[in-house]
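Residue numbers (mature numbering (1 follows the signal peptide of the UniProt record, and there is no 0)): -20 to -1, 1 to 208.
A quick write-up on the structure given underneath.
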Amino acid sequence: MKRLLATLVASTLLSQVANAGELTLFEHHGLRGNQVTLHGDAPNLRDGGFNDKASSLIVRSGTWEVCEHKDFGGYCALFRRGEYPDLERFNNNISSAREVQGRRGWRDRDRDHYGDGRRDDRPDGWREGEEERIGHEGWRGGGERRGEAVQLFAGARFEGRTVDVDGDVRTLRDADFNDRAGSLVVRRGTWEVCEHADYGGQCVVFGPGRYPFLEGMNDRISSLRRVR
């Protein structure tokens, strides 16, 4: 009985290791130099002597959030499985990292989408008495509003046309706002914005706040969804 129990425990531990995410940070571009491999949360890379030292990385399994400040603060982005020989903005600018796939409140792109977007069931997409279009993907076009979770602006510094979002949006093309956002405001939740439809390509995470400049994501946002 003891031998069977020991076998089951060992099997469970092996399964957990096999399913754990793995992220390797490299000191130099091109996946070269000293390296640190992570299998769990690293709220402060200073503890491992690797704060602001990574210039490239490999995600061997899982989806990882890397952030410019400790405790997952500041500018953050998601990296999925693959090799990243050049980190651009994150070059020598990573202070914390954690696996987010499978974490409570985070969802893989293939799981069910959730969102509390206000929607109109009428096929023409128009809501009576309002001169705006209510999208079936959680977006709302028209003038500025104050109640939606995210507001996208066509120009920097919150200028230009706006589109408000309250739920997952797989493509901003339906709102005629693909690759047009120059600034944004997040009022509620934590949102992942991505450069391709269906949450593909480079993705960046934005928490509540005002972002007058989108830097690397300027005129490159094609989809977004709430992740927390």
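Built from N, CA and C at the ideal position, the CB exists for glycine as well.
Within a 10 Å sphere around the beta-carbon of residue 29 sit fewer than 16 other beta-carbons, which makes this residue exposed. When C-alpha distances from residue 165 are compared across 180, 194, 179 and 19, the shortest belongs to 194.
Distance from the CA atom of residue 51 to the CA atom of residue 142, rounded to whole angstroms, is 32 Å. DSSP places residue 38 inside the beta strand (DSSP E), whose first and last residues are 36 to 41. Minimum Cα-Cα distance from residue 156 among the listed residues 132, 186 and 33 corresponds to 132.
Exclusion of the five residues before and after residue 11 leaves 36 and 65 as the residues of its chain whose Cβ lies within less than 6 Å of its Cβ.
Residue 44 places its beta carbon less than 7 Å from that of residue 79.
Excluding residues up to 5 positions away in sequence, 163 and 192 lie with their Cβ nearer than 7 Å to the Cβ of residue 137 in the same chain. When C-alpha distances from residue 25 are compared across 46, 129 and 208, the shortest belongs to 46. Looking at 174, 140 and 139, the one whose alpha-carbon comes closest to that of residue 59 is 174.
Judged by DSSP in its simplified three-state form, residue 161 adopts coil rather than helix or strand.
Spanning the alpha carbons of residue 73 and residue 204 requires a straight line of approximately 24 Å. In this structure, the beta-carbon distance from residue 13 to residue 42 does not fall below 7 Å. Excluding five sequence positions before and after residue 62, the CB atoms of its chain that fall closer than 8 Å to its own CB belong to 38 and 39, given in chain order. When the beta-carbon positions are compared, residue 57 and residue 149 stay at least 7 Å from each other. When C-alpha distances from residue 168 are compared across 202, 145, 180 and 135, the shortest belongs to 145. Taking the Cα of residue 31 as reference, the smallest distance to any Cα among 20, 71 and 176 is reached at 71.
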